[in-house]
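**Q** Structure provided below as structure tokens; questions to follow.
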Amino acid sequence: MQIKTIFAGFGGQGVLMMGYTFAVAAMREDKIVTYLPSYGAEVRGGTANCTVAISDEEIASPIASSPEFIVVMNKPSLHSFQNKVQTGGILFLNSTLIDEDPSRGDIESIAIDAGDMAEGIGDARTANLIMLGAFIKKTNLVNIDAAIGGLGDIFEGKKKVIEMNSNALTIGYDSLK
Amino acid sequence: MKKVYSRPKYLKKVPMHYCPGCGHSIVAKLITELVEEMDIADRTICIPPAGCAVLLYNYFDFDCVESAHGRGGAIATAMKRVLPDRVIFTYQGDGDLAAIGTAETIHAANRGERFTTIFINNAVYGMTGGQMAPTTLFNQKTTTSQFGREMRRDGAPIKMSEMLATLDEGVAYIERTTVIDVPSIKKTKKAIKKAFQIQMDDIGFSLVEVLSPCPTNWKMNPLQSCKWIDEDMTKVFPLGVIKDITENKKVKEAVNAD
Amino acid sequence: MRGNTVVGEAAIRAGCTCYFGYPITPQNELPEYMSRRLTEIEDGIFIQSESEISAINMVLGASVAGARVMTSSSSPGISLKQEGISFLCGDELPAVIVNMVRGGPGLGNISPAQSDYFQSTRGGGHGDYRTVVLAPASCQEMADLTMEAFDISDYYRNPVLILADGMLGQMMEPVTFENYKPRELPKKDYIIDGAKGRPSRFVRSLILNTKDMEEHNWKLMRKYKMITKNEIKCDEFMMDDAKIAVVAYGTAARIAKGAVKRARKEGLKVGLIRPITLWPYPSEVIKKWARSVSLFVVFEMSAGQMIEDVELSLKGSSEVYFYGRPGGVIPTPMELVKIISSQYYQKGF
Ligand code: SF4
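As structure tokens, this is what we get:
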């Protein structure tokens, strides 16, 4: 099994953190993982994305030309990435900022009102992890506890940040049945 | 009979390749005398340049590291950081220091690297055969400014010492001297001693610029060369202390001890 | 850990105490990491130099003073360092130099590329010399090869180049630093640290007497022969019954491995030869397989550079086909699978 996901949005939405948290969670479950962020001039234009591949065996290329899943946080990302997701794949979109449906009929799309939910818990910046929580629930690629545990590694010592973000993860996770 | 003069201990017994009347040989001798007097031969490291002085390591009986043209400042920086208690100096000509190695020089000085630079300014590229140097004077004829240096084509003679003196506290001491007569040679020696002392006392970057005759490429005899330095060169490059932040007594005492 | 920081941590664990460099994408995480780590350790020295040229000469200074030292850059910056690398070789000084290759020529772009192969393997500066070139294909290999690079470099007193790219530099994979087995190394009896209790000495590459200069060159060549004898590394994958061998290194080899696996699923007898040392080149490995392989497909993220080494190894004894994407394009495994299968059926295997 090898699954690739692209996380995309604009800079400041915590897109890289979303992918990174997912990658760390997968590592905690002893999966083989690659995490590849966009870099350099690419990220200067305000867009950011990263690709996470998880697998049971060696990952040939960390790049995803046709990923199983795509998570988009804003409209420009929807437009640039929706054609990449493979047939039968799933597109997760942040419906707070994206008021249109994907133009493809051969994929499933899941809308999560992550921006509003984040406002609801008092920190708009946690939309990324709410999104990730929902993503984890739907895909079941990693256990939600691994992701929450991963936050502990990532924000070592910063108790408040860990709390805020695990809360967001859980809310996102519980928002889908 | 009392011996009043002998060959400096750390000057190797080999004939020098410098032309007669060249300032390099005088400065080389001064350095070896100082290394002996200051008793630092076992911790002195010289970084010779590319140019006429490239073979300095054949004359100095202490450690030397060759540098690529202009890169002395970078090499000395790293060596001094790795070996902070050694006395490290670069020996550089005008082409080396003020043209191809300008960046290395300025930035090492600006970081206040604790090494000394001995800057031999003879207003010409010596080893390559007398081409125009960054310090060539206006109207001075060289093989690449055959009708004399002119502003619009060649720019002005660059005053590195004055430029470096504008840098902040990293630069501790800069003096311009020459080696055209006994008093000026003595002054040069004292300046180099002070520069060494400043790095040993961990104060900052130090540089001694020596206006040095190159009779061969100036197409003058040694006497005419000295006169030219005295009358023409010093007008553009005035002698004296250009910067000195050492109120440090220890330095003063050590330097004035003789 | 990200590839770039993996290299940094590996260097530190291998005893590197000095880093000099100038910022350039896509390797900035490495100097950033070193600036922090080298401040933490005693005797650590980090300088952000004023230029690449200055950086490589600082490397020379630290190396001649006896320290383990590293610099890193990306293609245009490595071009600037070439004079210094030539001096390091002439002076016979160790150093580890990392090139996170980007698309070129000129400013090019910052995407992963393999277009600096010639520059790296032929000795990119002036003079008759070689640098050892290591090409990792994963974060783990970045760790292992970086640590080994310091030992190789010290052992032979010659710079070692680590050739990777932005993708390997940015990518994150789990890594262990435990694989490193330090080599036994000769004492550094050449360093310049002041003539205390010994005769004075100097380090230089200037040898005006042509006879002596020639002998110095032959001495270097003897050393390079030794390196060629001892240090070649190459990975072989599914080669046993292969009719087509893909030859690729670094990022391209990762992609090629994916392609080979897929082609195997379709029943095609395809294998992968992955040179890990680009210089010295694993010519013998290529030659060995020429007996059973009918076609070598050289796959590079360049317009075709390593292909010359493959052809030199084979000396016309087997057919060679080239597929490459220059300019920072990252080919997909499927692209390569198509090439492989069309060749496979054309040749009637
Ligand atoms: S060319 Fe000039 S600087 Fe060089 S050795 Fe002769 S006199 Fe001295």
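Going line by line, the protein sequences match chains R, E and H. Counting from 2, one number per residue, gives the positions in the first sequence under the working numbering. Counting from 318, one number per residue, gives the positions in the second sequence under the working numbering. Counting from 6, one number per residue, gives the positions in the third sequence under the working numbering. We put the CB at the ideal spot given by N, CA and C, even for glycine.
1. Short of 6 angstroms in beta carbon distance, which residues of its chain neighbour Ala24 of chain R, apart from the five on each side in sequence? Order them along the chain.
2. Work out the CA separation of Leu317 of chain H and Trp294 of chain H for me, nearest whole Å.
3. Can you find a C-beta in chain H that's less than 9 angstroms from the C-beta of Thr349 of chain E?
4. Do Tyr374 of chain E and Phe4 of chain H have their beta-carbon atoms positioned less than 9 angstroms apart in this structure?
5. Check the C-beta distance from Thr282 of chain H over to Leu139 of chain H and give it rounded, since I have them as a contact under 8 angstroms.
6. Measure from the C-beta of Asp413 of chain E to each C-beta in chain H and report whether the shortest distance is under 9 angstroms.
7. Using the C-alpha atoms, what's the distance from Ser501 of chain E back to Gln175 of chain H?
8. Under a Cβ-count criterion, where at least 16 other Cβ atoms within 10 Å of its own Cβ denotes burial, should Met468 of chain E be classed as buried or exposed?
9. Given the structure, does Met147 of chain H come close to ligand 1, in the sense that its CB is under 8 angstroms from one of the ligand's heavy atoms?
10. May I ask you to report which of helix, strand or coil DSSP gives Asn456 of chain E?
11. Among H:Glu189, H:Met63, H:Gly132, H:Pro31, whose alpha-carbon lies nearest the alpha-carbon of Glu219 of chain H?
12. What are the residues that DSSP puts in a beta bridge with Asn438 of chain E?
13. Should Thr126 of chain H be counted as a contact of ligand 1 given a C-beta to heavy atom distance under 8 angstroms?
14. Return the Cβ separation of Asp359 of chain E and Lys201 of chain H in integer angstroms, given the expectation that the two are a contact with Cβ distance under 8 angstroms.
15. Who are Asn104 of chain H's beta bridge partners in DSSP?
16. Just to check my reading of the structure: Arg493 of chain E and Phe554 of chain E have Cβ atoms closer than 8 angstroms, yes? What is that Cβ distance to the nearest angstrom?
17. Find the residues of chain H that neighbour Ser62 of chain R, judging by a C-beta separation of less than 7 angstroms, and give them in chain order.
18. To be precise: take each residue of the region 389-410 of chain E, compare its Cβ to all Cβ atoms of chain H, and keep it if any distance is under 7 angstroms. Which residues remain?
19. Just checking my contact of Met172 of chain H with Pro103 of chain R at CB under 8 angstroms: how many whole Å lie between their CB atoms?
20. Any residues in the region 30-45 of chain H with a beta carbon nearer than 7 angstroms to a beta carbon of chain R? Which ones, in chain order?
21. Indicate the three-state DSSP secondary structure (helix, strand or coil) for Gly121 of chain R in the structure shown.
22. Chain H partners of Val34 of chain R, CB-CB under 9 angstroms?
23. Measuring straight from C-alpha to C-alpha, what distance separates Ser67 of chain R and Ile90 of chain H?
24. Is the separation between the beta-carbon of Met311 of chain H and that of Gln119 of chain H shorter than 9 angstroms?
25. With a threshold of 8 angstroms on Cβ separation, who are the neighbours of Thr551 of chain E within its own chain once the five nearest residues in sequence on each side are excluded?
26. Give the list of continuous beta strand (DSSP E) stretches no shorter than 3 residues that lie fully inside the region 274-345 of chain H.
27. By Cβ distance, which residues of its chain are closer than 6 angstroms to Ile362 of chain E, with the 5 residues on each side in sequence left out?
28. Name the chain H residues whose beta carbon is nearer than 8 angstroms to that of Ala26 of chain R?
29. With a threshold of 8 angstroms, establish whether the CB of Ser529 of chain E neighbours any heavy atom of ligand 1.
30. When the Cβ atoms of the region 146-157 of chain R are set against those of the region 112-123 of chain R, are three or more pairs found closer than 8 angstroms?
31. Listing by chain order, which chain R residues have their CB less than 8 angstroms from the CB of Ile335 of chain H?
32. Please report the distance separating the alpha-carbon of Thr215 of chain H from that of Cys336 of chain E.
33. Quick one: what does DSSP say Thr494 of chain E is sitting in, helix, strand or coil?
34. Should Ser56 of chain H be flagged as near chain E, meaning a C-beta pair shorter than 9 angstroms?
35. By the three-class DSSP mapping on this structure, what secondary structure does Asn62 of chain H have?
36. Whole beta strand (DSSP E) runs in the region 25-77 of chain R with 3 or more residues, listed along the chain?
**A** For this structure:
1. Val34, Tyr36, Val53
2. 14 angstroms
3. no
4. Since the first residue of chain H shown is 6 and the last is 354, residue 4 of chain H is not available in this structure.
5. 6 angstroms
6. no
7. 59 angstroms
8. exposed
9. no
10. coil
11. H:Gly132
12. E:Leu528
13. no
14. 4 angstroms
15. H:Ser78, H:Leu168
16. 6 angstroms
17. Arg259, Ile260, Gly263, Pro338
18. Ala391, Ile392, Ala393, Thr394, Ala395, Met396, Arg398, Val399, Leu400, Arg403
19. Met172 of chain H to Pro103 of chain R, Cβ: 28 angstroms. No contact.
20. Thr30, Pro31
21. helix
22. Met177, Glu178, Pro179
23. 42 angstroms
24. yes
25. Thr495, Leu528
26. 275-280, 282-284, 300-305, 324-329
27. Asp380, Arg403, Ile405
28. Per Cβ cutoff of 8 angstroms: no residues; Ala26 of chain R is ~13 angstroms from chain H at best.
29. yes
30. no
31. Ser62, Ile64
32. 23 angstroms
33. strand
34. yes
35. helix
36. 33-38, 48-56, 70-73
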